[in-house]
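K.L.:
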Amino acid sequence: MSGEENGQEVIVCRCRDVTEREVKEAIAEGYDTMELLKRKTKIGTGTCGGRTCLPLVQRILARETGREIEEIRLPRERSPIVPMPLRFAAGEKAGDLE
10 MSGEENGQEV IVCRCRDVTE REVKEAIAEG YDTMELLKRK TKIGTGTCGG
60 RTCLPLVQRI LARETGREIE EIRLPRERSP IVPMPLRFAA GEKAGDLE
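Right under this line is the structure:
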C-alpha cells in the first residue's frame, strides 16, 4: 500500500472513513501502538468492530515502525459501560423506545 491507488486515497477503515495516509500521519506523530491509533483515528470502532481494518492497520504499523507484525498487539475490545438493547445497533434512537 502506498496511500494512493490510481490517484485516490486508500481507505483502510470503511466504517470510519480512515485513510492509509491518516494512519501513517498518526504513526509519525507518535501514535505507535494499535491502541493509540484506535483512540486517535477511531479505527476498529465502527459497525464491523475492526474485522477488516485492524489487520490492515497492523501491517501498516509494522511496516512504518520496522517491527514484526507478531510484536504488534491488537487493541482490546470493550463492552459498552451500560448494556444496550440490540435495537440500538440497528439504528433506533432512544426516543424511538417510548
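Under the numbering used here, the first residue of the sequence shown carries the number 10, and numbering increases by one thereafter.
Don't be surprised by glycine CBs; every beta carbon is placed ideally from N, CA and C.
None of the values given here were measured: they were computed from a predicted structure.
Below 8 Å CB to CB, which residues in the same chain sit around T109 once its five sequence neighbours on both sides are set aside?
P.N.:
Residue 109 is absent from the structure shown; the chain starts at 10 and stops at 107.
K.L.:
If we count the other Cβ atoms within 10 Å of its Cβ and call it buried at 16 or more, is T50 buried or exposed?
P.N.:
On the sequence shown, position 41 is the one that residue 50 refers to. T50 is buried by the Cβ-count criterion.
K.L.:
For E80, is the classification buried or exposed, using 16 other Cβ atoms within 10 angstroms of its Cβ as the cut-off for buried?
P.N.:
Taking the first residue of the sequence shown as 1, we reach residue 80 at position 71. Residue environment: E80 is assigned as exposed (fewer than 16 neighbouring CB atoms within 10 Å of its CB, all protein chains considered).
K.L.:
In the structure shown, what three-state DSSP assignment does E73 receive?
P.N.:
In the sequence shown, residue 73 corresponds to position 64, counting from 1. Correct three-state label for E73: helix.
K.L.:
By Cβ distance, which residues of its chain are closer than 8 Å to L63, with the 5 residues on each side in sequence left out?
P.N.:
For the purposes of this step, residue 63 is taken as residue 54 along the sequence shown, with counting starting at 1. Here the set comprises M43, I52, G53, L83 and P84.
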